[in-house]
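The structure under discussion appears below in the form of structure tokens.
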Amino acid sequence: MTSTWNKVLILCISFLFLSSCGGSDEKQEQTNQTTINAPSDAIFLSTDGVGKINASTPFNIHLITQIFNGLNVSQQTNFQEGEAYPVMRVAKGAKTLMTINPTTDHKSIYSIVIEDNLIRNHLGHRLSTKFSSIYSYDHVEKCLAGQEELSGKTICYAPNVRNILYIFTGRWDGPDGEIPPEDVLATWTLDAIIWKPQS
């Protein structure tokens, strides 16, 4: 699972810094889901961060453990192209809630991958939400077809946001490396969310 997200993040490096940031200049009203039923200890994703994590939070296992007190925080060593690097996994029991990835110097947070609806989204979109329920027909953000281990998935900017990415999955018999037609993509569902600190 984690190696797949590392592929996502490599893909996102170029995706986030494309010269054409895509999307219309028109502003679509963002869905502001009420949080009346959210427990007092609920963790929220926003453009500013995830829970108490923000752009200035260091990649530090002791601090992250304190921030997510009551959850299981573990640090693992992964390998990619022969190089070792750490990631942190935040879980509730056996259920992974998020994966935290470091910058290349392992001092700061590069990105967080949201993998469970126990993390509440301030934009109002839950995992498993249909593409057509997030984007209107005449306002779709810039999207990119997934590659390698993410082949068959589509990655899009969240509505009117440039540091949150939505990963969609669904059925399609079309060629790899291409985004499905709009009528097919409309039926796909939100599979994971990536947050990156705003630069």
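Numbering (the numbering used here), first residue to last: 17 to 215.
Every residue gets a Cβ at the ideal spot worked out from N, C-alpha and C, and that includes glycine.
Quantities reported herein were computed from a predicted structural model and do not represent experimental measurements.
Residues of its chain near residue i, where Cβ-Cβ distance is below 8 Å and the 5 sequence neighbours each way are ignored
{"i": "Leu-87", "result": "Val-106, Ala-107, Lys-108 and Leu-113"}
{"i": "Thr-119", "result": "Phe-75, Ile-125 and Tyr-126"}
{"i": "Lys-111", "result": "Asp-132 and Leu-134"}
Sheet register partners of residue i (DSSP bridge)
{"i": "Pro-175", "result": "Answer is none; Pro-175 lacks a bridge partner."}
{"i": "Phe-147", "result": "For Phe-147, which the question treats as bridged, DSSP gives no partner whatsoever."}
{"i": "Lys-123", "result": "Paired residue(s): none; Lys-123 is not in a bridge."}
{"i": "Thr-115", "result": "Arg-105 and Val-129"}
Own chain partners of residue i with C-beta closer than 7 Å, once the 5 adjacent residues on each side are dropped
{"i": "Gln-44", "result": "Its pLDDT being 37, under 50, Gln-44 is placed unreliably in this model, and the coordinates cannot settle the point."}
{"i": "Ile-135", "result": "Ile-59, Leu-61, Val-66, Leu-113 and Met-114"}
{"i": "Asn-48", "result": "Because Asn-48 carries a pLDDT of 38, less than 50, the predicted location of this residue cannot be relied on, and the following value inherits that uncertainty. Within the same chain, Asn-48 has close Cβ partners Gly-140."}
Nearest residue (CA-CA) to residue i, options the options
{"i": "Thr-244", "options": "Asp-189, Pro-191, Gln-214 and Leu-143", "result": "This structure leaves residue 244 out entirely; the chain is present only between 17 and 215."}
{"i": "Ile-59", "options": "Phe-84, Ala-71 and Gln-163", "result": "Phe-84"}
{"i": "Asp-199", "options": "Thr-63, Trp-188 and Gly-65", "result": "Trp-188"}
{"i": "Gly-162", "options": "Lys-146, Gly-186, Phe-147 and Gly-193", "result": "Gly-193"}
{"i": "Glu-131", "options": "Tyr-182, Thr-73 and Pro-213", "result": "Tyr-182"}
{"i": "Pro-15", "options": "Leu-139, Glu-97, Glu-164 and Asn-70", "result": "Examination of residue 15 is not possible in this model, given that the chain is present from 17 through 215 alone."}
{"i": "Thr-63", "options": "Gln-82, Arg-178 and Gly-186", "result": "Arg-178"}
Expected contact under 8 Å - CB spacing of residue i and residue j to nearest Å
{"i": "Ile-80", "j": "Ile-116", "result": "7 Å"}
{"i": "Ile-180", "j": "Ile-210", "result": "7 Å"}
{"i": "Lys-169", "j": "Asp-207", "result": "7 Å"}
{"i": "Ala-202", "j": "Ser-167", "result": "Their Cβ separation, rounded to whole angstroms, is 20 Å, which puts Ala-202 and Ser-167 out of contact at 8 Å."}
Close beta carbons around residue i, own chain, < 6 Å, minus the five adjacent residues each side
{"i": "Ile-77", "result": "Gln-91"}
{"i": "Ile-195", "result": "Cys-159, Ala-161 and Thr-170"}
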